[in-house]
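First the structure, in the form of structure tokens, and then the observations on it.
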Amino acid sequence: MNADKLDLPKTVGVWNRPDSPRLINAKNIFKYMNGAGELYLGYRFHHLEVFDYTSPDQGNILVELYFMENSDDAFGLLSLDWGGEPVSFDGAPAATSKKSFTSPTRALYGGGLLRMWSDDMYARVMAERETPASKEAVITIGKAIAANTQHSPEPVLVKKLPLEIGTVWNLRMDRLSFFRSHLVLNSIYYLSHENILGIDLSAEAVIAPYEYIPGSGNPKRSQFLLVKYENPERARQALNRFHDAYLPDHKKEISADTDADSPSPFRLEDGWLAYKLLGKYIAIVFECPDPESARTILQNNESNLLKKGGGS
Amino acid sequence: MKDKMPVLTRRDFLRGTIGVTLGTSVFGIQWPKGEARAAGSSLVTVVRDKNAMDSAKNIDITVLEKMLTETLTRVTGQENTKDAWLSLVKPNDVIGLVPTDHLNPTHDEVVHVVKNSLMDAGIPEERIRDAQGPRNAKKCDALIAIPGLKAHWLTGIGTVLKNYIMYSGSPSSYHKSNSSKLGEIWNLPFVKGKTKLVLVDSLYPLCDKGPQPDPRYQWNYNGLIAGTDPVAVETVCLKIITEKRKAIRGEPWPLSPPPICIEAADRVYGLGTSRMEQIQIQHYGWEDKLLL
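Residue numbers (my numbering), protein chains in the order written: chain A, 1 to 312; chain B, 1001 to 1292.
As structure tokens, then:
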């Protein structure tokens, strides 16, 4: 898909766009946005089309349309920050459901910036100056971008995480991110400057915290990471590398048997960590308050994964 | 694994062993444990005026000029702007101004005010040039670093130390574990010792990582942060960004990845101090939400 198939308005309020966009590809994205290019190349980036809507005296509106290989990648870019005001373009509920991903947020607005996921496209529409008029123009442009596009489902991997574990652990969906790059992982949850999990464009991963709010009101939060590799061997190698780098002071317990006994959590500086190799998946939970929590979160995710056809 | 290089991980930050791990893996040397700048302290000034920039991001040049004057006299201890500049640079120096040109660019008004102030101090206009870019520092005798205050998605913070990244000739090579080596750029032969003032444009900082600006994470701080110790200035900038992030979320929201370049600039490259107890912060003007 490209902008030719979109019906972007030539004029919105006092803003006018040129006939043609600037075209950015993987070769010149660094020239366009310096180090930020690595974010988009960390997903499966196809190309970028840029329109500058100009106005005589109310600042410009920058429209960036990132065309990705598929909707998972576009979803991933939006998932890096669920903050902002949810926007609906078709009357469907805009707010992220607390219980499921069946009506996911597809557009978020804040401070003059609209970020949206529309099929295989991720878009940023940003007003140089936020005013009621520029907000209206930004939303109008967003609506045009979303028009006539499919509502693709969120990545399958995302749906494999149980939203609740027992009665105490709840998935923080507003902090859930989908990615394919260790640089992106580090920008969400720093593990290592090296790619110790061997995450690349052939892999897909999701990270989100599970939160436990006890009676005292002081929440406990554990980070859960699920990575899917091309095949079980890649997963096994990655988990070996992870253990060597992250847990060099602990005995390795990696089994390819998904029916193996519950994993032995490791006590680290920030809590308990447990991992498990599940066929071509690796599941890791960090910062658990106790070993039982680590086992519970891991086992519930394993059960959900097997129930939904993963693990092979 | 016994014979393998240790890998810097999250656990090193939790244990306080980043020096040991980085020393053996990235730098190939032992991270010095000594007090690099045990004697004395580094002065960092924070000058703010709530009228410097309005909510529509219009900058009041007159207010900005006053803020620069306050900054220069406080940093140097001189009576006036001219004496302040002449205590930092020589009249016949070729002076390079080094603003940031992307992500959260230095405001043009800040660069213009600095340039005009230098000219008022008697520096001929033809001796003042834009020194941002791969080789531009080579032709300069003195550099004034004028970065915009911002976080960065690959290096944690992207303000002072990262401002010279183009001088390296290979900026992308400093974006991963080698971001800890950003300090080495300041020690390149054509850069070392030339920086006479670090003046951070903190009128409208960006406290989230980007990689592109998101206005939800920008705010009117309306300040200029300055000093002659680049590491101390960066450390104060990091404190402000960290505090702002905490205020936004209502809970600690550390920069990710952690900005390891700051401590390395202190302990490995000897560019200044990253230790708060060795930094003397003096703030003037608007006190609201100082974040220090």
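Note that CB positions come from ideal geometry on N, CA and C, so glycine has one too.
* Asked: Taking buried to mean at least 16 other C-beta atoms within 10 Å of its own C-beta, is GLU1252/B buried or exposed?
  -> Inspection of the sequence shows that residue 1252/B is occupied by Pro rather than by Glu. Its Cβ having fewer than 16 others within 10 Å, PRO1252/B is exposed.
* To do: Within its chain, find whatever has a CB closer than 7 Å to the CB of GLY1034/B; leave out the 5 residues flanking it on each side and keep chain order.
  => The predicted model places GLY1034/B with a pLDDT of 48, which falls under 50 and marks its position as unreliable, so this point remains unresolved.
* To do: Answer with yes or no whether the minimum CB distance from ASP270/A to chain B is below 8 Å.
  => At least one chain B Cβ lies under 8 Å of ASP270/A.
* Asked: For THR1073/B, which of helix, strand or coil comes out of DSSP?
  -> Of the three classes helix, strand and coil, the one that applies to THR1073/B here is helix, per DSSP.
* Entirely within the stretch 1206-1250 of chain B and at least 3 residues each: give me those beta strand (DSSP E) ranges in chain order. => Every beta strand (DSSP E) of 3 residues or more that sits fully in the stretch 1206-1250 of chain B is shown, in chain order, as 1223-1227.
* So, does the CB of GLY1034/B fall closer than 8 Å to a CB anywhere in chain A? -> Residue placement at GLY1034/B cannot be trusted, given a pLDDT of 48 that sits under 50; the coordinates are not used to answer.
* For ASP81/A, which of MET1119/B, ASP1141/B, PRO1213/B and ASN1220/B has the nearest alpha-carbon? -> Of the candidates MET1119/B, ASP1141/B, PRO1213/B and ASN1220/B, the one whose C-alpha sits nearest the C-alpha of ASP81/A is PRO1213/B.
* Asked: Taking the runs of the alpha helix (DSSP H) that are 4 residues or longer, which of them lie wholly in the stretch 128-177 of chain A?
  -> Qualifying alpha helix (DSSP H) stretches, in chain order: 132-146.
* So, does the CB of TYR66/A fall closer than 8 Å to a CB anywhere in chain B? -> Not closer than 8 Å to any Cβ of chain B, the Cβ of TYR66/A fails to qualify, so no.
* To do: Starting from the beta carbon of MET116/A, find every residue of chain B whose beta carbon is closer than 8 Å, and list them in chain order.
  => Using a Cβ-Cβ cut-off of 8 Å, MET116/A is close to nothing in chain B; its nearest Cβ partner there is about 14 Å away.
* Buried or exposed: which applies to SER100/A, given that a residue is buried once 16 or more other Cβ atoms fall within 10 Å of its Cβ? -> At SER100/A, the pLDDT of 49 sits below 50, so the modelled position is not reliable and the matter cannot be decided from this model.
* Asked: What number of angstroms, rounded off, separates the C-alpha of GLU154/A from the C-alpha of SER303/A?
  -> Rounded to whole angstroms, GLU154/A to SER303/A spans 21 Å at the Cα level.
* Local Cβ density within 10 Å of ALA984/B, reported as buried at 16 or more and exposed below that -> The displayed coordinates of chain B run from 1001 to 1292. Any statement about residue 984/B would go beyond what the structure contains.
* Contact set between ASN300/A and chain B, taken where Cβ atoms lie within less than 9 Å -> What ASN300/A touches in chain B: nothing, since even the nearest Cβ is about 24 Å away.
* **Pairwise C-alpha distance: GLN223/A and SER97/A** => Here the model assigns SER97/A a pLDDT of 49, short of 50, so the residue's position is not dependable and the matter cannot be decided.
* Going straight from the alpha carbon of ASP1120/B to that of VAL1191/B, what length do you get? -> Between ASP1120/B and VAL1191/B, the C-alpha separation is close to 26 Å.
* LEU65/A and ALA123/A: beta carbons closer than 8 Å? -> It is a contact, given that the beta carbons lie within the stated cut-off.
* To do: Using a threshold of 8 Å, state whether the C-beta atoms of ALA144/A and GLY13/A are closer than that.
  => No. Outside cutoff.
* Asked: Ends of the alpha helix (DSSP H) at THR1159/B?
  -> Careful: THR1159/B lies outside any alpha helix (DSSP H) and carries neither H nor E.
* **DSSP three-state assignment for VAL1111/B, whether helix, strand or coil** => Reduced to three states, the DSSP call for VAL1111/B is helix.
* **Helix, strand or coil at MET33/A according to DSSP, with G and I counted as helix** => DSSP, reduced to helix, strand and coil, places MET33/A within a helical segment of the structure shown.
* First through last residue of the alpha helix (DSSP H) which encompasses ASP1012/B -> Judged by DSSP secondary structure, ASP1012/B falls within the alpha helix (DSSP H) whose first and last residues are 1010-1015.
* To do: List the residues of chain D whose Cβ lies closer than 7 Å to the Cβ of GLY1210/B, in chain order.
  => No chain D appears in the structure shown, which is made up of the protein chains A and B.
* Do you know offhand how far LEU1203/B's Cα is from PRO1257/B's? -> Approximately 25 Å, taken between the alpha carbons.
* Asked: DSSP on ALA294/A, reduced to helix/strand/coil?
  -> Here ALA294/A sits in helix by DSSP.
* Residues from the stretch 183-210 of chain A in contact with chain B, defined by Cβ distance under 8 Å -> Taking 8 Å as the Cβ-Cβ cut-off against chain B, the residues of the stretch 183-210 of chain A that qualify are LEU183, ASN186, SER187, ILE188, TYR189, TYR190, LEU191, SER192, HIS193, GLU194 and ILE196.
* Asked: For chain B, is any of its Cβ atoms less than 8 Å away from the one on GLY84/A?
  -> At a cut-off of 8 Å between beta-carbon atoms, GLY84/A makes contact with chain B.
* Ignore the nearest five residues each way along the sequence and tell me which others in ALA127/A's own chain have a CB closer than 6 Å to its CB. => Contacts found: ILE61, GLY112, SER134 and VAL138.
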